[in-house]
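In the working numbering, the protein residues as written are 79 to 720. Here's the structure, in structure tokens; my notes come after.
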Amino acid sequence: MGYKCYNCDEYVDVPDFTESVSEATICPNCNSDLHLEIYYRCTNCSYYYCNSFSNCPYCQKPREERVKLQEINYTQVTTKGDYGAALAFISEHEILGLDTEGNSLDPFENELLLVQIGDETHVYVFDYHWYRRLAKELFWMDSWRLWLLQNAKYDYKVLKQSLGVVLLNVFDTFLAERILTCGKERRNSLKELTEKYLQTEMDKTIREAFYTMTIETFDQKVTSEMLEYSARDVQVLPLIYRRQKWELQNNELTQLADLEFDVCKVVAEMELRGIYVNVWAWREIIVSCELQKKQVVDEISELLGGKSKATLTFVFEEPAINLNSTKVLKQIFSSFGITVSSTGDAELAKISHPLAELLRKYRKYEKQLSSFGESFLAMIRHETSRVHPSFQQIGADTGRFSCNKPNLQQIPVNEAYRKCFCAPQGRKIIACDYSQQELRILASLSGDPKFIKFYEDGVDLHTATASMMFNIPMEQVEKDKHRKIAKTINFGLAYGQGAKNLGETIGVDEQEATRMIDKYFAQFTYIRDWLEQAAVNAQRNGYLKTLLNRKRFYEIPEKWDRDYRRIMSSIGRKGKNTPIQGIGVDMIKMALVKIHQRLQEQKLDAFLINVVHDEIVVEASERDAVKVGKIVKEAMEEALSL
DNA sequence: GGGCCGAGCCAC
DNA sequence: AAACGTGGCTCGGCCC
Numbered sequence: 079m080g081y082k083c084y085n086c087d088e089y090v091d092v093p094d095f096t097e098s099v100s101e102a103t104i105c106p107n108c109n110s111d112l113h114l115e116i117y118y119r120c121t122n123c124s125y126y127y128c129n130s131f132s133n134c135p136y137c138q139k140p141r142e143e144r145v146k147l148q149e150i151n152y153t154q155v156t157t158k159g160d161y162g163a164a165l166a167f168i169s170e171h172e173i174l175g176l177d178t179e180g181n182s183l184d185p186f187e188n189e190l191l192l193v194q195i196g197d198e199t200h201v202y203v204f205d206y207h208w209y210r211r212l213a214k215e216l217f218w219m220d221s222w223r224l225w226l227l228q229n230a231k232y233d234y235k236v237l238k239q240s241l242g243v244v245l246l247n248v249f250d251t252f253l254a255e256r257i258l259t260c261g262k263e264r265r266n267s268l269k270e271l272t273e274k275y276l277q278t279e280m281d282k283t284i285r286e287a288f289y290t291m292t293i294e295t296f297d298q299k300v301t302s303e304m305l306e307y308s309a310r311d312v313q314v315l316p317l318i319y320r321r322q323k324w325e326l327q328n329n330e331l332t333q334l335a336d337l338e339f340d341v342c343k344v345v346a347e348m349e350l351r352g353i354y355v356n357v358w359a360w361r362e363i364i365v366s367c368e369l370q371k372k373q374v375v376d377e378i379s380e381l382l383g384g385k386s387k388a389t390l391t392f393v394f395e396e397p398a399i400n401l402n403s404t405k406v407l408k409q410i411f412s413s414f415g416i417t418v419s420s421t422g423d424a425e426l427a428k429i430s431h432p433l434a435e436l437l438r439k440y441r442k443y444e445k446q447l448s449s450f451g452e453s454f455l456a457m458i459r460h461e462t463s464r465v466h467p468s469f470q471q472i473g474a475d476t477g478r479f480s481c482n483k484p485n486l487q488q489i490p491v492n493e494a495y496r497k498c499f500c501a502p503q504g505r506k507i508i509a510c511d512y513s514q515q516e517l518r519i520l521a522s523l524s525g526d527p528k529f530i531k532f533y534e535d536g537v538d539l540h541t542a543t544a545s546m547m548f549n550i551p552m553e554q555v556e557k558d559k560h561r562k563i564a565k566t567i568n569f570g571l572a573y574g575q576g577a578k579n580l581g582e583t584i585g586v587d588e589q590e591a592t593r594m595i596d597k598y599f600a601q602f603t604y605i606r607d608w609l610e611q612a613a614v615n616a617q618r619n620g621y622l623k624t625l626l627n628r629k630r631f632y633e634i635p636e637k638w639d640r641d642y643r644r645i646m647s648s649i650g651r652k653g654k655n656t657p658i659q660g661i662g663v664d665m666i667k668m669a670l671v672k673i674h675q676r677l678q679e680q681k682l683d684a685f686l687i688n689v690v691h692d693e694i695v696v697e698a699s700e701r702d703a704v705k706v707g708k709i710v711k712e713a714m715e716e717a718l719s720l
């Protein structure tokens, strides 16, 4: 690939001119910047080229000029005439941008101030005088209309919460961009999308003015500038949509995008519903934790008190020593003549000193009290008496959800905590998870006949693996010896775990662990080969795909990078894991959509409340619980075949 | 006093 | 030298 310097017309050869090129290259002739980030993609042959060509260098098709934003053309609906014109305009268009403005990002506190609807030619802005009427008279759920939104989850929640309106077909430019660039730097804001696709600057600071307003002060405070910028947010949506749609089609990602857009609505509903927490039971855990923590702290004080002031001066400094500080802990250990590189649990376990043991206990209670203590309860909303977490639908680059405020995907497995997530009076919780989902995916992807047979025969997988590895009959497999090793390897597999780490987990040296791994792979050659091939593909191609074509990019370092080997081996491990995790994601997301649809179709008193990677949680009335359980099970099983 | 980052630890 | 994938939360500690 080559291009001309825009300054001196020198022709420069550049190895790979791709979408991801962002840094400017210097022209060897005149030293001016070549601005590689300005690129065009041929609409005929998909070839990328820079702005020094007026025709595609590959197929000669004339360059398609960048979309120029027209002057913003908007109407604030203030009269019946405006309203009528707006409704007529909307009913004529099957693809429309949609956005809302309010005074809070929290849908429970948000006061809806504006609803903007339109396309690149015209935007109608509805304020509180009109949007309620609009909500009644506009058929939002028209199945023939596609709503374009940036971060549809938010507006879906706001519209449902404020106006009781539900959107049917959505295209989310935020999610579309995430799908197109997964693994690359995240630049998904409307401002960044506008810069990328439309080469236009967008000022988002005006938005902040809405946060200072209420419906009462709206009429006095609103300015034409604010209206104009709210309209601008909608104007750009159809333009961005067209380019993203084209990119999605080219990458065979349309099906995946449609799935994610469906999931988006499910997630919005899930966040609005929230999940019930038994506050009383939760507080019981806190109280018992505090008691036990106090005991441990007392024991530690006693232990440290025995040291003389001379060697432990820092211990007696005010305020009392901070056991949460790793710096202080290291000092304390050194005063006992123990040097530690880390104060993590694995290190502490190796130290045979009463302090280490006490600290491990202290850590446990401290973690429970800080992350899962009163701060968790503070997130319960008084409006619903439930916690309403925020799910990031493609939070991880593998496609997995992430979750925060609170993160319901990291509740301790401890029964006491899990029991707190119960159903309110007269309702039931239904939770289903895939059994050994990722291992089964690996078995299927690799096609390993021995592994698959284990599953078909329904034997205990880890025992069978051990029997095969050590060449002994199943009956002779010892649980704490052979099976434990097999189980650890099975789980470490999908992550690309190495000998050193395996050795530490099962308590043997690195050499011995290497032998174990060799024995394992000697039996399961298909798995060995598949994992190796996945790693190579990731390193060679710079991306990997799942069965639904979900694509994750890897940034391949330059060969001369001094971290080249480290980064490449990391990409290899990610490559082994990504298809496995990613296919798990495809499955659970398909199941979510199916469950949501069927619960609605059958008008059951039930709704989704949580999803934890391979587990789906539904809350249902006692009356419908059995039916709902069946639906969840069936939907999850159907997704298995993808 | 807020932003940022690493350490440590919770989950799958 | 590191060598286990994907996240979020809280804390200490450093910087401005």
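Glycine included, each C-beta is placed from N, C-alpha and C at the ideal position.
Where the beta strand (DSSP E) containing K629 begins and where it ends: Working through the first sequence from its first residue, we reach residue 629 at position 551. Start and end: K629 to F631.
Three-way DSSP call (helix, strand, coil) for G175 in this model: Counting from one through the first sequence, the residue named residue 175 turns up at place 97. Reduced to three states, the DSSP call for G175 is strand.
With a cut-off of 8 angstroms, do at least 3 Cβ pairs link the segment 206-215 to the segment 233-243? A contact exists between the segment 206-215 and the segment 233-243.
Quick check on V203: does DSSP put it in helix, strand or coil? As a first step, residue 203 is located in the first sequence; it is residue number 125 there, counting from the start. Of the three classes helix, strand and coil, the one that applies to V203 here is strand, per DSSP.
Using the beta-carbon count (16 or more within 10 Å), is I550 buried or exposed? By 1-based counting over the first sequence, the position of residue 550 is 472. Flag for I550 reads exposed.
In angstroms, rounded to a whole number, what distance separates the CA positions of S267 and F252? As a working mapping, residue 267 is identified with position 189 in the first sequence. As a working mapping, residue 252 is identified with position 174 in the first sequence. If you take the alpha carbons of S267 and F252, they lie about 7 angstroms apart.
E693 - partner residues in DSSP beta bridges: One-based indexing of the first sequence puts residue 693 at position 615. Note: E693 sits in a beta bridge opposite D511.
So, for E377: in the same chain, excluding its five sequence neighbours on each side, which residues have a beta-carbon less than 7 angstroms away from its beta-carbon? Your numbering for residue 377 matches position 299 in the first sequence. The residues are L436.
In angstroms with no decimal places, state the Cα-to-Cα distance between D692 and F569. Residue numbering aside, residue 692 sits at position 614 when the first sequence is read from its first letter. Residue numbering aside, residue 569 sits at position 491 when the first sequence is read from its first letter. Cα to Cα, the separation comes out at about 15 angstroms.
To which residues does DSSP link D250 through a beta bridge? Along the first sequence, one-based indexing puts residue 250 at 172. Per DSSP, L227.
Determine the burial state of R593: buried for a count of at least 16 other Cβ atoms within 10 Å of its Cβ, exposed for fewer. Position 515 of the first sequence, counted from the start, is the residue given in the question as residue 593. Exposed, because fewer than 16 other Cβ atoms sit within 10 Å of the Cβ of R593.
Cut-off 8 angstroms between Cβ atoms - residues of its own chain near M348, not counting five sequence neighbours on either side: As a working mapping, residue 348 is identified with position 270 in the first sequence. These residues qualify, in order along the chain: F469, F685, L686, I687, N688 and V689.
Put L114 into one of helix, strand or coil per three-state DSSP. By 1-based counting over the first sequence, the position of residue 114 is 36. The predicted model places L114 with a pLDDT of 42, which falls under 50 and marks its position as unreliable; any figure quoted below should be read in that light. It is coil, neither helix nor strand.
With a CB to CB cut of under 7 angstroms and the five nearest residues on each side skipped, what residues in its chain are close to T391? Reading the first sequence from its first residue, position 313 is the one you call residue 391. Confidence is the limiting factor: at T391 the pLDDT is only 44, short of 50, which leaves the residue's position unreliable, though a coordinate-based value still follows. So no residue of the chain qualifies.
Just to confirm my understanding: we take T389, look at its own chain, exclude 5 residues before and 5 after, and list those with CB closer than 8 angstroms. What are they? Here the question's residue 389 lines up with position 311 in the first sequence. In this prediction, T389 has a pLDDT of 46, which is less than 50 and means its spatial position is unreliable; what the coordinates show is noted afterwards. Cβ neighbours of T389 beyond the five flanking positions: S413.
Reduced DSSP secondary structure (H/G/I, E/B, other) of C260: Within the first sequence, residue 260 is the residue found at index 182, counting from 1. DSSP places C260 in coil when its eight states are reduced to three.
So, F479 versus Q488, is the Cβ gap smaller than 8 angstroms? One-based indexing of the first sequence puts residue 479 at position 401. One-based indexing of the first sequence puts residue 488 at position 410. No; because the gap between Cβ atoms is not below 8 angstroms, this pair is not in contact.
Three-way DSSP call (helix, strand, coil) for Q575 in this model: Along the first sequence, one-based indexing puts residue 575 at 497. If DSSP states are grouped into helix, strand and coil, Q575 belongs with coil.
Do L609 and A591 count as a contact pair if the criterion is CB distance below 8 angstroms? Taking the first sequence and counting its residues from 1, the one referred to as residue 591 is at position 513. Taking the first sequence and counting its residues from 1, the one referred to as residue 609 is at position 531. Not a contact, by the Cβ cut-off of 8 angstroms.
Nearest to I458 by CA position, among D197, K483, E270 and I595, is which residue? Taking the first sequence and counting its residues from 1, one reaches residue 458 at position 380. The residue from D197, K483, E270 and I595 with its alpha-carbon nearest to that of I458 is K483.
Exposure of P502, with buried meaning 16 or more beta-carbon neighbours within 10 Å: Along the first sequence, read from residue 1 onward, the residue named residue 502 stands at position 424. Burial state of P502 is exposed, judged by a 10 Å Cβ sphere holding fewer than 16 other Cβ atoms.
With 16 other CB atoms within 10 Å as the buried threshold, where does C260 fall? Indexing the first sequence from 1 puts residue 260 at position 182. Label assigned to C260: buried.
Can you list, in chain order, the stretches of the alpha helix (DSSP H) that have 4 or more residues and sit fully within the segment 523-599? 527-535, 539-548, 562-571 and 577-584
Contained beta strand (DSSP E) runs [length at least 3] in the segment 443-483, N- to C-terminal order: The segment 443-483 contains these whole beta strand (DSSP E) runs: 468-470 and 480-482.
Going by the beta-carbon positions, is the gap between E306 and Y152 smaller than 8 angstroms? Along the first sequence, one-based indexing puts residue 306 at 228. Along the first sequence, one-based indexing puts residue 152 at 74. A contact, by the Cβ cut-off of 8 angstroms.
Who does S699 pair with in a DSSP beta bridge? For this step, residue 699 is matched to residue 621 along the first sequence. Beta-bridge partners assigned by DSSP to S699: R505.
CA-to-CA distance, L337 to V248, given in whole angstroms: Taking the first residue of the first sequence as position 1, residue 248 is located at position 170. Taking the first residue of the first sequence as position 1, residue 337 is located at position 259. When the Cα atoms are used, V248 and L337 turn out to be separated by approximately 11 angstroms.
V155 - containing alpha helix (DSSP H), residue span: Counted from its first residue, the first sequence places residue 155 at position 77. Element bounds for V155: n/a, residue is neither H nor E.
Nearest-angstrom Cβ-Cβ length linking L718 and I661, presumed shorter than 8 angstroms: Here residue 718 corresponds to residue number 640 of the first sequence, with the count starting at 1. Here residue 661 corresponds to residue number 583 of the first sequence, with the count starting at 1. Actually they do not touch by this definition, with Cβ atoms about 10 angstroms apart.
What is the DSSP secondary structure of K214, counted as helix, strand or coil? For the purposes of this step, residue 214 is identified with residue 136 of the first sequence, where counting begins at 1. In this structure, K214 counts as helix in the three-state DSSP scheme.
Leaving aside the five residues before and after V312 along the sequence, list all residues of the same chain whose C-beta is less than 6 angstroms from its C-beta, in chain order. Position 234 of the first sequence, counting from 1, holds the residue named residue 312. Correct list, in chain order: G175, D177, Q194, G196 and V201.
For a quick check, are the C-beta atoms of G477 and V614 less than 8 angstroms apart? The residue labelled residue 477 in the question sits at position 399 within the first sequence. The residue labelled residue 614 in the question sits at position 536 within the first sequence. Going by C-beta atoms, G477 is not nearer than 8 angstroms to V614.
Where G662 falls: helix, strand or coil (DSSP): Within the first sequence, residue 662 is the residue found at index 584, counting from 1. Three-state DSSP puts G662 in a helix.
Counting only runs of 4+ residues fully inside the segment 280-337, write out the alpha helix (DSSP H) ranges in chain order. 286-289, 293-299 and 302-328
Beta-ladder partner(s) of G196, from DSSP: One-based indexing of the first sequence puts residue 196 at position 118. DSSP, once it has assigned bridges, lists G175 and V201 as partnering G196.
Leaving out five residues before and five after F131 in sequence, what residues of the same chain have Cβ atoms less than 6 angstroms from its Cβ? Working through the first sequence from its first residue, we reach residue 131 at position 53. For F131, where only same-chain residues beyond five positions count, there are no Cβ hits under 6 angstroms.
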